[in-house]
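Protein chains in written order, with our numbering: chain A, 839 to 1103; chain B, 7 to 326.
Ideal Cβ placement from N, Cα and C applies to all residues, glycine included.
Computed from a predicted model, the values in this text were never measured in an experiment.
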Amino acid sequence: MTREVLRYEGRRRLKGSVYLGVGLGLFALLFAPFYPAVKESGEQLQEYVENLPPAIRAAFGLDAFTTIEGFLATEFYAFAWVLLLGVYLAYRAGGAVAGDVESGRIDMVLSAPVSRAGVVLGTVGSLLVPIAVCNLLVPPAVYATVLLAGETIAVPRLLAVHALSVPYFLACVGIGTVLSVAVGRASVAERGAIAAVFGLFLVDTLTTTDPDLEPVGAVSPTRHYDPTAVLVRAEYDLVGAGVLLAGTVALVAVAVVVFRRRDLT
Amino acid sequence: MSALAVDGLTKYYGDVRGVEDLSFSVREGEVFGFLGPNGAGKTTTIRTLMGFLRPTSGTATVLGRDVRDEAELIEAKRDVGFLPAEPAFDESVTGRRILDYHARLKGDDRRSELLASFEPPLDRPVGEYSRGNEQKLAIVAAFMHDPDLLVMDEPTSGLDPLLQDRFHGFVRGEREAGKTAFFSSHVLSEVRKVCDRVGILRDGRLVTLESIGEILSRSGKRVRVQVAEDVGPAAFEMPGAHGVSGGEVISFTFTGEYGTLLDRLREYTVLDLDVEEAPLEEVFARFYGNGGDPTGRDGADEGNPDTQGRGGTDPEGDRP
């Protein structure tokens, strides 16, 4: 039954996901004309970047900014990919179950022999559609950006930065889902999910430069997925990916328990 | 076995009472009307039966399965069709895809048969549907797996009179096919048309459980009349007339024999006459009084001695 919910909800998300993936791809392409000027400034710009406060550098994933890898990591991945898409997926997850409950749409579904757990799992699973579609459409666009900028990029790094984003996005979906089943109003769950993911990102960046507070930032999904490290230094944080997957499982489990106990009014 | 059995069911929302100590059962093969004014607790009861709400205390079974146990209730739901009070669907999706989805969830033995009676525009997105079309889609989606038990929350509220009739025909047909139907309504005439038995809910409690015949004899008509002659309300004081009032247009509730009413009307030149179902709230106020004890019949009889012993009156003659 989860499969049927997944199939229906996933198909419903397909069109929007393609728009989203195309939009992100076009956004990546926008940076192609800018890179040659960045490369030109070379040393000077690099010096400027290195003199920025560490928290700012952490927030924007600034490292080796004048290389194509470092440039893309900062200009595209740190912002559009990690923050924007992460927040967007949490927002959609936040509105998913809550919206169906608030509108009464869930009544018709749950009147069929479907468990509440099945509805939660199917809905979470359907958000794999935008994650998959974006990860299919964006890498070719980024590769084209690199070529247009007259550069080359190590394809394994490009593939890794996308593969490792999947656990990160799932964690964002997990956060949104917990809010979605716990909060009565969809708009509140949606805004709560945005605030949660963005807030955790801030916690991560603000604690990353302080040795005492640094472990606190580990609660944020952004701590465990670093596109700059992947692209610039070819560091693949598999432990981080594991943490994100485990966190997702825990969040979805909590969501199922909460949703099973709830009154649907 | 009862198709539905409710036993001491109580549901509070925090401190607010939804329903209190509700007990009744619906036999297999009957059409049971669950009647009550808005806010009486009908939807709370139905949503508890469907497992959407957890009882505060007491329990209920649907097709013999405990509603408090999700796995058991899911088994029951294979043979239950549910039509919510305000069915809602994803607006961007076409009716056809909604039905395909429900077909995969529970089966669609009767899809085409139901679509012949209730025909929503299947290839348009639900967002473009009128309220009536959405209700038609919901009826098909709810019952296309040919359930043994039909649970409906105010099923005709979004339908025009023609479709209401068609829906009542559908319910009668289901009954003839041996199905059980349980539906809520706040319209007495609807319950009269299709129900075998009626439970009346008021302020979260079951007021009385009686045969349709008894209810019929006690409901009454709302009469509004305008006559050419210059007469006051007193002209229409007669056995069975209650709360006669007005000036030019005289209105009252009438629970007596139609002959009496017609004889009286013939004495005047009637300019305008309107006879309609008495609103349920008014029926309650008359029988049980406002703030009176709603649980017993004593209050009812005191409040309305005229209806004593008039059981069996069936002015429309169309009850099943």
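For R230(B), the closest of A147(B), L156(B), V281(B) by C-alpha to C-alpha distance is V281(B). Assignment of A66(B) by DSSP, reduced to helix, strand and coil, places it in the strand class. For the pair D236(B) and R270(B), the Cα-to-Cα distance works out to about 15 Å. Here the alpha carbons of H174(B) and A234(B) stand approximately 39 Å from one another.
Contact of I80(B) with chain A is assigned, a C-beta pair being separated by under 7 Å. Here V1070(A) really is in contact with E907(A); their C-beta atoms are around 5 Å apart, less than 8 Å. Judged by DSSP in its simplified three-state form, G963(A) adopts helix.
Distances from the alpha-carbon of L996(A) to those of A1072(A), F869(A), P891(A) put A1072(A) closest.
In its own chain, leaving out the 5 sequence neighbours on each side, no residue places its CB closer than 7 Å to the CB of A1033(A). Residue contact with chain B for G859(A): absent (no Cβ-Cβ distance below 7 Å to any residue of chain B). Bridge pairing for H248(B): T259(B) [DSSP].
Counting along the chain, the unbroken beta strand (DSSP E) around G87(B) starts and ends at 86-89. When 9 Å is used as the limit between beta carbons, G942(A) is near these residues of chain B: P90, A91, E92, P93, A94, in chain order. Under the 7 Å criterion on CB atoms, Y846(A) is classed as interfacial with respect to chain B. Spatial neighbours of A247(B) in its own chain (CB-CB distance under 6 Å, excluding positions within 5 residues in sequence) are listed in chain order as F258, F260.
Within the same chain, Cβ atoms closer than 6 Å to the Cβ of V197(B) are found at G39, L41, S191, V204, the five residues on either side in sequence being excluded. Contact of R74(B) with chain A is not assigned, every C-beta pair being separated by 7 Å or more. Using a 10 angstroms sphere on the CB of I52(B), the tally of other CB atoms reaches 16 or more, which defines it as buried. The closest CA to that of T983(A), considering only T1086(A), V920(A), A911(A), D1075(A), is found on A911(A). Around the C-beta of K185(B), 16 or more other C-beta atoms lie within 10 Å, and the residue is accordingly described as buried. Sorting V200(B), Y19(B), L128(B) by C-alpha distance to the C-alpha of N139(B) places L128(B) at the top. When the five nearest sequence neighbours on each side are left out, the beta carbons in the same chain lying within less than 6 Å of the beta carbon of Y274(B) are those of V233, E235, in order along the chain.
At least one CB of chain B lies nearer than 7 Å to the CB of S949(A). In the three-state reduction of the DSSP assignment, S98(B) falls in the coil class, being assigned neither a helical nor a strand state. Taking a cut-off of 8 Å for Cβ pairs, the segment 875-889 of chain A and the segment 858-865 of chain A do not touch, as fewer than three such pairs fall below it. Taking G265(B) as the centre and dropping the five residues before and after it, the same chain places no C-beta closer than 8 Å to its C-beta. Using a Cβ-Cβ cut-off of 7 Å, E1028(A) does not count as an interface residue toward chain B, since no Cβ of chain B sits closer than that to its own. Each residue's CA atom was taken as its position, placing M56(B) and M839(A) some 18 Å apart. Counting of Cβ neighbours within 10 angstroms places S98(B) among the exposed residues, the total staying below 16. For K83(B), the closest Cβ of chain A is nearer than 7 Å. Per DSSP, S949(A) is not a residue of any alpha helix (DSSP H), being assigned neither H nor E. For K112(B), the closest Cβ of chain A is nearer than 7 Å. Contact between G859(A) and V976(A) is confirmed by a C-beta separation of about 6 Å, below the 8 Å threshold. If only complete runs of 4 or more residues are kept, the segment 877-921 of chain A shows the alpha helix (DSSP H) at 892-897, 906-910, in order along the chain. Each residue's CA atom was taken as its position, placing G253(B) and L279(B) some 14 Å apart.
Note on T990(A): under 16 other CB atoms within 10 angstroms of its CB, so exposed under the neighbour-count rule.
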